[in-house]
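Following: one structure in structure tokens, then a few remarks.
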Amino acid sequence: MLYDAERMQPLYRLSIGSPGSSFAVEVARRIGLPEDIIVDSSAKMGEDFINMDNFLQSIARDKLYWEDKRKEITAIEHKVIEARAIEAAGSLESSKDKAVNPVKKQSLENAVIEKGDSVKLDGQPTVGVILELQGKQATVAFGMMRSTVALKRLTLVSKKRK
């Protein structure tokens, strides 16, 4: 039976397999037995029994403390593992982008602009489509607006899909 040592009351919970105190001396004091009987009983139980009981209580408190610490550490370990996995995934994605973008950019830079290709006018975010090529100039449709622009001011975004 578990016992609340601070309030000197039973908790009415059974704990099987764990040694503990009967709290007989403490209960005797609480109910008002004469002190000489309590001292005599304590002497008969012996100092070793009382010390052992105190050690057992201390060990039980320490066990709870370290179990809580172990749970905290396990939770932190899981968070660290998750954070490392997210970081690794981000790093892989970044590496992939760094490897693919230069190749894609280089292939677009070396490509010749043709009718139907998607292009951007330098300094503008809008993508347009080449409608017609006339020498070093191109007619580009930016939405509903058409414009004739020098080829050197155009950046290829993607080739025409075939």
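The opening residue of the sequence shown carries number 548 in the working numbering; numbering runs sequentially from there.
Each residue gets a CB set at the ideal place from its N, CA and C atoms; glycine is no exception.
In its own chain, which residues sit with a C-beta less than 8 Å from the C-beta of Val676, not counting the 5 before and 5 after it?
Cβ within range, chain order: Gly663, Asp664, Ser665, Val666, Val687 and Ala688.
Which partner residues does Met692 have in the DSSP bridge list?
Answer is Phe689.
Please state the DSSP three-state secondary structure of Glu629.
Helix.
Measuring CA to CA, which of Ile585, Asn598 and Gln604 is closest to Asp551?
When each option's Cα is compared against that of Asp551, the closest is Gln604.
Any idea which residues DSSP pairs Ile677 with across the strands?
When beta bridges are read from the DSSP output, Ile677 appears opposite Val687.
Can you name, in chain order, every residue of its own chain whose Cβ lies under 7 Å from the Cβ of Ala697, other than the five neighbours on each side?
Correct list, in chain order: Lys683 and Gln684.
Tell whether a beta-carbon distance below 8 Å holds between Arg693 and Leu703.
The answer is no: Cβ separation not under 8 Å.
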